[in-house]
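As structure tokens, the structure follows; a few thoughts come after it.
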Amino acid sequence: NNSQGNTFLLPGATLATLLMLGALHARRMYDDRKVEEAREKGIEIEFKPDAKASFLRLLPLRSISRIWGFMTSVEYPVWMRPYVYKAWARAFHSNLEEAALPLGEYASLREFFVRTLKQGSRPIDHDPHCLVSPVDGIVLRVGELKGVGAKIEQVKGFSYSVSSLLGSSSFLPMIEEGDMHEQSGEQESTPTEKTKKSWWSISLASPRVRDTATTRPVKGLYYCVIYLKPGDYHRIHSPVDWNVLVRRHFSGRLFPLNERATRTIRNLYFENERVVLEGMWQEGYLAMAAVGATNIGSIELVIEPELRTNQPRKKLLHSEPPEERVYEPQGVGMMLKKGDEVGAFNMG
Amino acid sequence: STVVLVFQAPTIKSPNRGDNSNFRFCIKRGDKIRVGEGLGR
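Note that the protein sequences, when read in sequence, are chains A and B.
The first sequence begins at 1 in my numbering and counts up by one.
The second sequence begins at 1001 in my numbering and counts up by one.
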């Protein structure tokens, strides 16, 4: 209530937020039930584009995402904060006891969404042979990449190319020629030919590679896709000790990434805006792609705080190359320890 | 939002590294996982 007469401005915005949360919750419950019923029947959901997915392509999802970010940045009065955040937690199954700060100290929903956790809430498995989860979420896909043009299945009946998701590798000089030999039974390239090939053309055409010394193990290329629900902890941590050499930012669309979207929208993961970190760990190559969505459109990096994603653009061309940064010192990059915070997904 | 991890790891037995050199996922599709929990060894 102020002197200009904007008496009901905040309650109106709050009511709209609460109504939206209610609608989202109802929708989520309905979708979850359908998926659960299908799972119980042993049915694997197949890819099936629909009119709604086509309609989504016409919407200005990036603008919607930024408006959502603006709305969720509205500061609530201190007395109201616990009610709003408890409602959010109830709707999306967040554990409020893990929040690092008292609820009254998060000024806005956006701030609450990227909350840190109390120390010890996420113990890290420090076994040096263990690769840990970088995020809280649900495992959508795991497996080994095989064959020419390695692909990850988005949903039964549709797969996407890993090289399209991650972009072209630019740190070939880091891979010593002696470290990359194609599997026995296939002809080996000459050193000159090898240097002309990109890392991807070697590793994805024949993902199993081995050193000249037969005592060293053959290496495979593996993948893991993890989906973060709205109520999950949204910070990203390092899965192993590794050196991050390159960061790529693909400024793409911002389709939703929920279960329905994965089975109705083609190329969902590599059409969406994303940040890819690429580097080396003790066993070789490692890349991590953080893919944004409509409600969680911007990605923030702890190792590069000046990076801005989900920016307004006059025109968006998907053929545009990603914006790339090679971390200094070249060839060493930024060293991250297992469990270190790498970045966060922000609302809008 | 989604995170995709792609990584190299040992894939067959090796005399130097014993029988544990194979990379094995310790999770499967549909599992809930939290930061710091093992994906594979």
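Don't be surprised by glycine CBs; every beta carbon is placed ideally from N, CA and C.
Exposed or buried, what is A100 (chain A) when buried is set at 16 or more other beta-carbons lying within 10 Å of its beta-carbon?
Counting from one through the first sequence, the residue named residue 100 (chain A) turns up at place 100. Its Cβ having fewer than 16 others within 10 Å, A100 (chain A) is exposed.
Nearest-angstrom Cα separation, counted from A89 (chain A) out to Q330 (chain A):
One-based indexing of the first sequence puts residue 330 (chain A) at position 330. One-based indexing of the first sequence puts residue 89 (chain A) at position 89. Q330 (chain A) and A89 (chain A): Cα-Cα distance of roughly 43 Å.
Is it buried or exposed for I67 (chain A), if we count other Cβ within 10 angstroms and need 16 for buried?
By one-based count along the first sequence, residue 67 (chain A) stands at place 67. When all chains shown are included, I67 (chain A) counts as exposed.
Please report the straight-line C-alpha distance between K1032 (chain B) and P49 (chain A), rounded to a whole angstrom.
Looking up residue 1032 (chain B) in the second sequence gives position 32. Looking up residue 49 (chain A) in the first sequence gives position 49. Taking the straight line joining both Cα atoms gives about 27 Å.
Just checking: is the beta-carbon of R122 (chain A) within a distance shorter than 8 Å of some beta-carbon in chain B?
For the purposes of this step, residue 122 (chain A) is identified with residue 122 of the first sequence, where counting begins at 1. R122 (chain A) counts as touching chain B.
Tell me whether F1023 (chain B) sits in a helix, a strand or coil according to DSSP, three-state version.
The residue labelled residue 1023 (chain B) in the question sits at position 23 within the second sequence. In this structure, F1023 (chain B) counts as coil in the three-state DSSP scheme.
Within this structure, are the beta carbons of L268 (chain A) and A261 (chain A) separated by less than 8 Å?
For the purposes of this step, residue 268 (chain A) is taken as residue 268 along the first sequence, with counting starting at 1. For the purposes of this step, residue 261 (chain A) is taken as residue 261 along the first sequence, with counting starting at 1. Contact: yes.
Measuring straight from C-alpha to C-alpha, what distance separates D136 (chain A) and K118 (chain A)?
Within the first sequence, residue 136 (chain A) is the residue found at index 136, counting from 1. Within the first sequence, residue 118 (chain A) is the residue found at index 118, counting from 1. Approximately 15 Å between the Cα atoms of the pair.
Exposure label - F70 (chain A); buried when at least 16 CB within 10 Å:
Start at 1 with the first residue of the first sequence, and residue 70 (chain A) comes out as number 70. It is exposed - the Cβ of F70 (chain A) has fewer than 16 other Cβ atoms within 10 Å.
Check whether the Cβ of F303 (chain A) lies closer than 8 Å to any Cβ atom in chain B.
By one-based count along the first sequence, residue 303 (chain A) stands at place 303. First, the residue type needs correcting, since residue 303 (chain A) is Ile and not Phe in the sequence shown. For I303 (chain A), the answer is no, since every Cβ of chain B falls outside 8 Å of its Cβ.
Secondary structure at H93 (chain A), three-state DSSP: helix, strand or coil?
Position 93 of the first sequence holds residue 93 (chain A). Coil, per DSSP.
For the segment 105-112 of chain A against the segment 35-55 of chain A, are there 3 or more C-beta pairs whose distance is under 8 Å?
no
Quick one: which residues of the segment 275-288 of chain A get their C-beta closer than 8 Å to a C-beta of chain B? List them in chain order.
W281, E283, G284, Y285, L286, A287, M288
Closest by CA to R27 (chain A), which one among A:T294, A:K338, A:A91?
Indexing the first sequence from 1 puts residue 27 (chain A) at position 27. Among A:T294, A:K338, A:A91, the Cα nearest to that of R27 (chain A) is on A:A91.
Along the segment 55-67 of chain A, what residues have a CB closer than 9 Å to any CB found in chain B?
none
So for F270 (chain A), helix, strand or coil by DSSP?
By 1-based counting over the first sequence, the position of residue 270 (chain A) is 270. Helix at F270 (chain A).
Status (buried if at least 16 other CB within 10 Å, exposed otherwise) for M29 (chain A):
Locating residue 29 (chain A) in the first sequence gives position 29, where the first residue counts as 1. Per the 10 Å Cβ criterion, exposed.
I'd like to know whether the C-beta atoms of K219 (chain A) and T1011 (chain B) end up nearer to each other than 8 Å.
Numbered from its first residue, the first sequence carries residue 219 (chain A) at position 219. Numbered from its first residue, the second sequence carries residue 1011 (chain B) at position 11. Cβ distance < 8 Å, so K219 (chain A) and T1011 (chain B) count as in contact.
Is D31 (chain A) buried or exposed, if buried means 16 or more other CB atoms sit within 10 Å of its CB?
Here residue 31 (chain A) refers to the residue found at position 31 of the first sequence. Classification of D31 (chain A): exposed, given that the 10 Å Cβ count is below 16.
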